[in-house]
Each structure stands twice: as structure tokens, then as C-alpha cells.
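Numbering (UniProt numbering), first residue to last: 1 to 142.
Following this line, the structure appears as C-alpha cells:
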């Protein structure tokens with residue numbers, strides 16, 4: 001995949017992610033930088049994973065200045081332009097959940113300042129080399 005380094009993503013009014021619920025966290029951080037409303041549904045099972053992932057994303061995306069509303073089976077995200085994403089004033093809490101940590105690390109890359117991610121070692125559950133890959137392949141400063 002190639003393309004411009006930055007650009008403005010377009011929101012998707014509604015995405016039913018029932019066939020791929022674990023991917024909603026990545027979709028959420030993309031929706032956070034898609035200027036407009038994105039509704040992700042079909043993910044009620046994400047409330048009973050390592051944590052309540054829907055509530056976790058709402059709480060942590062708010063630290064980047066992104067407004068979200070929890071739905072019974074999903075989340076509504078009011079995305080912003082890249083230039084409006086804020087650097088969290090406090091650390092990002094991962095709830096010891098590898099998918100929360102990895103998805104929010106991607107959003108942290110576009111925040112204007114440094115972001116502290118707590119409990120980052122939890123990514124070892126699925127990708128022990130995640131942080132090394134970010135640093136070496138994508139030149140992310142850790």
C-alpha cells in the first residue's frame with residue numbers, strides 16, 4: 001500500500017463490524033481522524049473482552065479531544081481533522097489490553113506531542129515486537 005503521508009480521511013456514516021469485531025479498535029482510531037460522524041455497530045461482544053473495549057475507547061479517545069457516544073452495540077465517533085487532534089495531558093490507559101494499546105499507539109503517532117502509554121508491555125500477548133516494529137520500520141520515537 002502506498003499513498004500520501006498525510007491526508008484527510010472521510011467518515012463512514014455506519015459500519016456494521018459484527019463479522020470482525022476485534023478490528024473495531026483500529027477502525028475507531030481511523031474514525032477519530034475522519035472529520036465527521038462514524039457509527040460502528042455490531043460489536044456488543046467487545047464489552048466482555050480483556051476490558052469493556054467500547055467504554056475504553058470512548059474514555060481514551062476523549063484524551064485526544066475526540067467526542068464519542070457509547071451505543072448498546074457500538075460507538076458513535078465525532079472525528080476531527082488531523083490538525084485538531086490533541087496530545088493527551090495524562091497518560092493513555094490500556095486496561096492491560098493488547099488491542100487497546102496497539103490501536104491507541106497508532107493514533108498517538110499523529111498527536112502533535114509525545115503521548116505516554118501505560119501498561120504497554122501488554123502487547124506481548126499478540127505481538128511481542130510491536131514497539132520495536134514501530135520504532136524500526138516506522139521511525140516512531142519511543
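Even for Gly, the Cβ is constructed at its ideal location relative to N, Cα and C.
Terminal residues of the beta strand (DSSP E) in which residue i lies
i: residue 14; result: 14-16
Unbroken alpha helix (DSSP H) run spanning residue i, endpoints
i: residue 60; result: 53-62
i: residue 136; result: 130-138
i: residue 105; result: 98-110
Residues of its chain near residue i, where Cβ-Cβ distance is below 6 Å and the 5 sequence neighbours each way are ignored
i: residue 51; result: 95 and 97
Best match in the options for proximity to residue i [C-alpha to C-alpha]
i: residue 56; options: 83, 79, 21 and 104; result: 104
i: residue 112; options: 65, 40, 35 and 44; result: 65
i: residue 18; options: 39, 30 and 35; result: 39
i: residue 36; options: 132, 14 and 70; result: 14
Residue i classed as buried or exposed, judged by whether at least 16 other C-beta atoms fall within 10 angstroms
i: residue 48; result: exposed
i: residue 122; result: buried
i: residue 90; result: exposed
i: residue 88; result: buried
Spatial neighbours of residue i in its chain, beta-carbon cut-off 7 Å, leaving aside the 5 residues before and after
i: residue 33; result: 9, 79, 80, 82, 85 and 110
Discussion item. Check whether the segment 23-42 and the segment 68-78 are in contact - that is, three or more C-beta pairs closer than 8 Å.
Written reply: Output reads yes: the segment 68-78 touches the segment 23-42.
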